[in-house]
């Protein structure tokens, strides 16, 4: 039951849709049972490893439009979750895909979503091991992702007053340019964790203005930013760098004694910029005002 | 920022909503970092254990209505995923919650969802370790669930011709009665796996008529059912027992030499009924016709 170009979801049915969408999925030796059983069955990580667990969803009308190429939507859904694994310094391993789909959606659009998703999964060695489809009013794609790390995962809470603040890449103006095609900073995050060079880290999904205060709060610090140091995407303003969201760059706090080492040893073409520092969290000391980032329930 | 009765989602904002909804979540010693960081960080299962990984979603208008009590919806979302872990003979351990929410939803309704979910999680020792909220047109709640097992997980594919087919509990008429309040058969599934008494197993979510052919196909067998043996929910017809869906009982195949042992040793008040057998998958031998179960894209 694998028609080459099925004409509708109803023609495929639920039992036909899954094999149609998951063609080309194959797991490595950690996948003991993948799509098609009640659960995925996975070999547990070996001794000394820590599990990472994350979900992330994108919805039509919020994160993409009806005009967005389907493969880019599928790619983005997975890339966002990968970015969170990167922010822990981890390695992504297994993913499940939940697809909420309006009945009129064409099988070709769904196949496009899965194509983008499957390609990015393969690039990063992520096993796609199942998921589910359900009827809904709005197209929504949610990824549940497992990862692991041997190094201690880099939490948001490990920053200390006096730590330098760094960001990878450039910030701002990404809604139009980069939000569909960004590269999750898995190599960079993994390197920072392995060499114990980041004390606190997160990925910038809602913009520096929304995300930096979260890192500072988790670390019980305030912060100071040098606006003139912000690495702007070509054509972006400082306001855009603070508020645009969807940069998916890494923000991290590092011991200032490691400053020279970081700059010298950084092995990636990705830009690395020191943008400020964490400050003591004392009454009367307030952080640099940053304006607003993206809030799902206030726009 | 925890108002006792926040008046709207916009008043709470994204950074206020999460602490409001996740009050009362606390993890055991396997939770190294829970809600509030980029990922949940979890101690990996010990030696000899296998990981189970599952997602399941419910949407308003499909699995519940605007009139369904919110706590029952939250409970159901988690219970469905637990039922899949039960069908592997596993123990559920950690869950993430994805909530897609129309902007007009009251914080009280969301709090109700989380209350039902949190209570069931506590009953089964499941750690709620994070998740996310996003704007959407339709209320949708998706659970990503991790579990583990020491015994070999019971797949759908292990059945053999000649195996007895058994079901737990009663079947049918559950859309009106039981679909919100069913008990995931975790104890029963775990016992069957531990004692190696089930060769193939699944949970009945779409009705016996849809689900049994899936188990038989995975086991490369056909099947025969004794309709007069089906354990009917009070007031249910045979057609309802076959087609209603949402029974969330376990269906399993067992070696017929274990028949007496199973009946004698079964330690649960839950009813256990032999309903038929798996048959050789030869040309010309066809399975008992069962009619149709629930198909998400054909109703």
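Protein chains in written order, with our numbering: chain A, 1 to 299; chain B, 1 to 299.
All residues carry an ideal CB built from backbone N, CA and C; glycine is no exception.
(request) Under 8 Å between beta-carbons, which chain A residues line up against residue 50 of chain B? List them in chain order, please. (result) Listed by position along chain A, the residues whose Cβ is nearer than 8 Å to that of residue 50 of chain B are 32, 41, 42, 43 and 44.
(message) Is there a Cβ of chain B sitting closer than 9 Å to that of residue 137 of chain A, yes or no?
(response) yes
(message) Strictly below 7 Å CB to CB, what residues from chain A border residue 56 of chain B?
(response) 132
(message) Tell me the residue span of the alpha helix (DSSP H) that contains residue 264 of chain A.
(response) 259 to 265 is the extent of the alpha helix (DSSP H) around residue 264 of chain A.
(request) Could you name the residues of the segment 169 to 202 of chain A whose beta carbon sits closer than 7 Å to any beta carbon of chain B, in the order they occur along the chain? (result) Shown in chain order are the members of the segment 169 to 202 of chain A whose Cβ falls below 7 Å from a Cβ of chain B: 202.
(request) Specify the secondary structure class of residue 207 of chain A as computed by DSSP and reduced to three states. (result) coil
(request) Select from B:232, B:202, B:233 and B:227 the residue whose C-alpha is nearest the C-alpha of residue 218 of chain B. (result) B:202
(message) So, with DSSP's three-state summary, where would you put residue 194 of chain A?
(response) Note: residue 194 of chain A maps to helix in three-state DSSP.
(request) Please work out which residues of its chain come closer than 8 Å, Cβ to Cβ, to residue 299 of chain B, disregarding the five sequence neighbours upstream and downstream, and give them in chain order. (result) Caution applies to residue 299 of chain B, whose pLDDT of 40 falls short of 50 and renders its modelled position unreliable; the model cannot decide the point.
(request) Ignore the nearest five residues each way along the sequence and tell me which others in residue 72 of chain A's own chain have a CB closer than 8 Å to its CB. (result) 64, 116, 180 and 181
(request) Ignore the nearest five residues each way along the sequence and tell me which others in residue 289 of chain B's own chain have a CB closer than 6 Å to its CB. (result) none
(message) Could you compute how far the alpha carbon of residue 228 of chain B sits from the alpha carbon of residue 75 of chain A?
(response) 51 Å
(message) Assuming the contact rule is C-beta atoms closer than 8 Å, residue 212 of chain B and residue 223 of chain B should be a hit. Round their C-beta distance to whole Å, please.
(response) 6 Å
(request) Buried or exposed for residue 1 of chain B, please, with buried defined as at least 16 other CB atoms from any protein chain shown within 10 angstroms of its CB. (result) Low local confidence applies: a pLDDT of 39 at residue 1 of chain B is under 50, so the model's placement there is unreliable, with the coordinate-based value given in what follows. Exposed.
(message) For the alpha helix (DSSP H) containing residue 76 of chain A, name the first residue and the last one.
(response) 70 to 86
(request) Rank A:169, A:42 and A:187 by C-alpha distance to the C-alpha of residue 82 of chain A and give the top, closest one. (result) Among A:169, A:42 and A:187, the Cα nearest to that of residue 82 of chain A belongs to A:187.
(message) Helix, strand or coil for residue 315 of chain A? Go by DSSP, reduced to three states.
(response) The requested residue 315 of chain A does not occur in the structure, where chain A is confined to residues 1 to 299.
(request) Could you spell out the range, first to last residue, of the alpha helix (DSSP H) harbouring residue 118 of chain A? (result) 107 to 123
(request) Determine, using beta carbons only, whether residue 247 of chain A comes closer than 9 Å to chain B. (result) Not one chain B Cβ lies under 9 Å of residue 247 of chain A.
(request) Could you tell me whether the Cβ atoms of residue 319 of chain A and residue 137 of chain B are closer together than 9 Å? (result) Here chain A has residues from 1 to 299 only, and residue 319 of chain A is not among them.
(request) Along the beta strand (DSSP E) that carries residue 253 of chain B, what are the first and last residues, could you check? (result) 250 to 254
(message) Is residue 153 of chain A close to chain B? Criterion is C-beta to C-beta, closer than 9 Å.
(response) yes
(request) Could you tell me how far apart the beta carbons of residue 352 of chain B and residue 221 of chain B are, in whole angstroms, since I believe they sit closer than 8 Å? (result) Summary: the structure shown does not reach residue 352 of chain B, with chain B confined to residues 1 through 299, and so no result is reported for it.
(request) Just tell me which of B:146, B:167 and B:22 has its CA closest to the CA of residue 249 of chain B. (result) B:167
(request) Show which residues of chain A have a CB atom less than 8 Å away from the CB atom of residue 106 of chain B. (result) For residue 106 of chain B, none of the residues of chain A pass the 8 Å Cβ criterion, the least Cβ distance being about 12 Å.
(message) In the DSSP output, which residue or residues are listed as bridge partners for residue 54 of chain A?
(response) DSSP, once it has assigned bridges, lists A:145 as partnering residue 54 of chain A.
(message) Any C-beta of chain B within less than 7 Å: which residues of the segment 91 to 124 of chain A qualify?
(response) 94, 96, 98, 100 and 103
(request) Return the Cβ separation of residue 148 of chain B and residue 17 of chain B in integer angstroms, given the expectation that the two are a contact with Cβ distance under 8 Å. (result) In fact, because the Cβ distance is near 31 Å, the residues do not count as touching under 8 Å.
(message) Tell me the DSSP secondary structure of residue 167 of chain B in three-state form.
(response) strand
(request) Give the range of the beta strand (DSSP E) segment to which residue 95 of chain A is assigned. (result) 91 to 101
(message) Relative to the C-alpha of residue 12 of chain B, which candidate in B:245, B:105 and B:236 has its C-alpha closest?
(response) With distances taken between Cα atoms, residue 12 of chain B lies closest to B:105.
(message) If I follow the unbroken alpha helix (DSSP H) through residue 241 of chain A, where does it start and stop?
(response) 238 to 243
(request) Give a yes or no on whether the minimum CB-CB distance between residue 129 of chain A and chain B is below 9 Å. (result) With its beta carbon less than 9 Å from one in chain B, residue 129 of chain A belongs to the interface.
(request) Examine chain B for any beta-carbon lying closer than 9 Å to the beta-carbon of residue 244 of chain A, and answer yes or no. (result) no
(request) Over the uninterrupted beta strand (DSSP E) stretch that includes residue 130 of chain B, give me the two end residues. (result) From DSSP, the beta strand (DSSP E) with residue 130 of chain B extends over 127 to 135.
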